[in-house]
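In mature numbering (1 follows the signal peptide of the UniProt record, and there is no 0), the protein residues as written are -27 to -1, 1 to 582.
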Amino acid sequence: ASKMPPMRGVSALLATLAAGLASPASASSPFSSFLAQPARPNVLILLVDDLGYGDIGAYGNSTIKTPHIDLLAAEGIKLTQHLAASPICTPSRASLLTGRHAVRLGLTGSKIARVMPSPATPGGIPLEEMTIASMLRKAGYATGMVGKWHVGMGSNCSHCPLAHGFDSYWGMPVTNVQACAQKGEWMTQSSMLHFITDQWPASLVFRAALALLAISASLVLSGKLSSRAFFAQCALTFALLYTVYWVPSTIMLLNHKACVLYEGNAVIEQPVQLKYLTHRETHHAVRFIDEHARRADERPFFLYMAYTKVHTALFVADEREGLSAHGPYGDNVEEMDWSVGEILAALERHGLGDNTWVYMSSDNGPWRESRDEGGACGFAPGDSEHEMAGSKAQTWECGLRVPGIIRWRARYGRTGRVEHAATSNLDIFPTIAAIAGLPVPPHVSERAYAPAPAGIVDGRDLSPLLEARLPAGEPLHDFIFHYCDLTVSAVRHGRYKAHFATTKWEDERAHTCPSALVCKCAAVAHDPPLVFDIVADPAERRPIAPGSDAEADAAVARMREARARQEASVIGVPSQTERRPEVGNFPCCGFPHPGWRRILAVLLDRCGC
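Right under this line is the structure:
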């Protein structure tokens, strides 16, 4: 395993952790008593990509077969109002790993890219930030990751999983997209057209080139420009467009060579072969458990299994094709459930099922723009007739509310409980700190930090809820903030949710934007905000008119104040997702070292293994 990078600018929390771990046998160490105890739980996170709230049996789907996830829910605690910190993958995953809103980390954007668009993009989770893995490794845990990373690779893997506390890694460091399909498909024509004509600065160059050619053509027709000069200008314009579009597309997720598979910090497959990828991911996850099971009493483990599924491009093993009642998407969900079963069976085989804290969820809601290849929003408690509104990348409920299942039989028993309190994947970091016996990091609201430094989290320890110690009706969170890129576009408070900005749908019926990859999440501002009783109206169909409900009006006033405080606590961190990808950073199997040879290999399409 690679060494952890030096910690820079860390908070008092990180200093406390470092001091405690420097002398674990010391009686003064906050870790000493727990390091001596064999009962510390193993930790397993099962994160699915783009899984809808309504895609599994435990959350109401009666046609897609998910027996292993359903059993996990039957033995654990099902959260019915579990929320992604962001409705899109990179910021949501960064928040899960750090307990902090991604805007504090620079892992979101507003103009060009809301996610990491290329393996060649510099940066990632800042190295001074503590992740679940680095926290647990410092506390003596063995740590491993399998699957999708997508929170930044940096230059030559300087921000890959091994740089953030994982002892081992096997998986895709970016993401699965249509370009990764077995046929090497590039993005759909409509999406590519959207990129060219609507995404700045590409759109600016494209429109300027068209305008220049139109002016030149008119000059030729009027006799003021020769045909030879016009054709020379056309050639130069083509060269410009080649530079602006073709070269970037070579290193973006438009190219199937950007779909890479890594082991540790090295690329081992380019482009990735998807067909049996879930089987291979499962094999590596089970092998990690097998290797660490015998020492789990003295050195527990943390495994982060981040599935490449069920994001498009869809893929399943040959023997699983056509088995579900929902076409390729259903096949993918059922294959993912099979994998969950294999991993949970490995725990049971080693007698670790009781003392392993298991968390299963999705990074965000389903991608409805993909139509039959996307999941279902589902029906939330409170409305069994109307599906939740929106889609992935939107702060409507469908983009945010995701399955959330937690099981720890040794502490919570085989409960099969259902909890309706609002929770967030931001809560997982402080909760894992608590169950591992580590200091729970301070919440941003508990300190007068403006802005909040590293080590101050936005999540809450879920232990009072999970251990049934939270008084009935008492919320775990006073406020939950739903970010659209860099701004808080919606706020939750008690039973109310206020939208300060929403999506402008192209397809009002489907709540989608078919001509683009995803909708712009804050296209329409609302003042006063749109307000919903999210308990009685989770489908967000009946906005509460201002002045018609005194309780709702009071809640909106509090949400306005809380929103202002939250935004004041965020320093102006430059967006890392919008940094320019660099050709020299592009992974190139056969050319592991940076330099001109790698750059030529990338541009000439000579990378591969």
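Using N, Cα and C, we set each Cβ at its ideal position, and we do this for glycine too.
A distance below 8 Å between beta-carbons, with the five flanking residues on each side excluded, links Ala290 to the following residues of its chain, in chain order: Lys248, Tyr249, Thr251, His252 and Glu308. Note that the C-beta distance between Ala93 and Phe473 is not below 7 Å. Thr223 and Ala535 have their C-alpha atoms some 44 Å from each other. With 16 or more neighbouring CB atoms inside 10 Å of its own CB, Leu135 falls in the buried class. By the criterion of a C-beta distance shorter than 8 Å, Ala496 is surrounded in its chain by Ala474, Thr475, Thr476 and Lys477, once the five residues flanking it on both sides are discounted. With a 10 Å radius around the Cβ and a threshold of 16 neighbouring Cβ atoms, Gly446 comes out exposed.
Taken atom to atom, the span from the alpha-carbon of Ala471 to that of Pro339 is near 22 Å. Note that the C-beta distance between Phe402 and Ile105 is below 7 Å. The segment 69 to 76 makes no contact with the segment 360 to 376: fewer than 3 CB pairs, one atom from each, lie closer than 8 Å.
Under the three-state reduction of DSSP, Asn15 is assigned to strand. Excluding its 5 nearest sequence neighbours in each direction, Ala298 has C-beta neighbours in its own chain below 8 Å: Thr36 and Ile37, listed in chain order. As the crow flies, the alpha-carbon of His455 is around 46 Å from that of Ile188. Here Pro14 has Pro273, Asn328, Thr329, Trp330, Trp381, Ala383, Arg384, Ile408 and Ala409 as same chain residues with Cβ atoms under 8 Å from its own Cβ, once five neighbours each way along the sequence are excluded. With three or more CB-CB distances shorter than 8 Å, the segment 115 to 129 counts as touching the segment 146 to 156. Between Arg531 and His466, the gap from beta carbon to beta carbon is short of 7 Å. Non-local beta-carbon contacts of Ala46 in its own chain, meaning distances under 7 Å to residues more than five positions away in sequence, involve Ala31 and Ile378 in chain order. In the three-state scheme derived from DSSP, where H, G and I count as helix and E and B as strand, Gly300 is classed as helix. By the neighbour-count criterion, in which a residue is buried when 16 or more other Cβ atoms sit within 10 angstroms of its Cβ, Cys582 is exposed. In this structure Ser364 touches Thr485 by the C-beta definition: roughly 6 Å separates them, less than 8 Å. A buried status is given to Glu254, since no fewer than 16 other beta-carbon atoms sit within 10 Å of its beta-carbon.
DSSP places Tyr385 in the uninterrupted alpha helix (DSSP H) bounded by Arg382 to Tyr385. Distance from Asn398 to Ser65 at the Cβ level is roughly 7 Å; contact confirmed, criterion being Cβ atoms closer than 8 Å. The continuous alpha helix (DSSP H) containing Gly372 extends over residues Glu370 to Leu373. Per DSSP, reduced to three states, the secondary structure at Phe454 is strand. In the displayed model, Asp578 falls within coil according to three-state DSSP, outside both helix and strand. Exposure of Val391 is indicated by the presence of fewer than 16 other C-beta atoms within 10 angstroms of its C-beta. Beta-bridge partners of Gly117 (DSSP): Ser141 and Leu276. Here Asp431 is not near Val413, since their CB atoms are 7 Å or more apart. Sorting Cys62, Leu320 and Arg533 by C-alpha distance to the C-alpha of Asp500 places Arg533 at the top.
Within the same chain, Cβ atoms closer than 8 Å to the Cβ of Gly96 are found at Gly79, Gly125, Gly127, His132, Gln549 and Arg552, the five residues on either side in sequence being excluded.
With respect to the 7 Å criterion, Val76 and Val543 are classified as neighbours on the basis of their beta carbons. In this structure, the alpha-carbon of Thr281 lies about 7 Å from that of Val21. Per DSSP, the unbroken alpha helix (DSSP H) holding Met108 starts and ends at Ile105 to Lys111.
Closest in C-alpha terms to Arg538, from the list Phe452, Thr116 and Ala205, comes Phe452. Arg390 carries a strand assignment under DSSP once its states are collapsed to helix, strand and coil. Note on Phe211: under 16 other CB atoms within 10 angstroms of its CB, so exposed under the neighbour-count rule.
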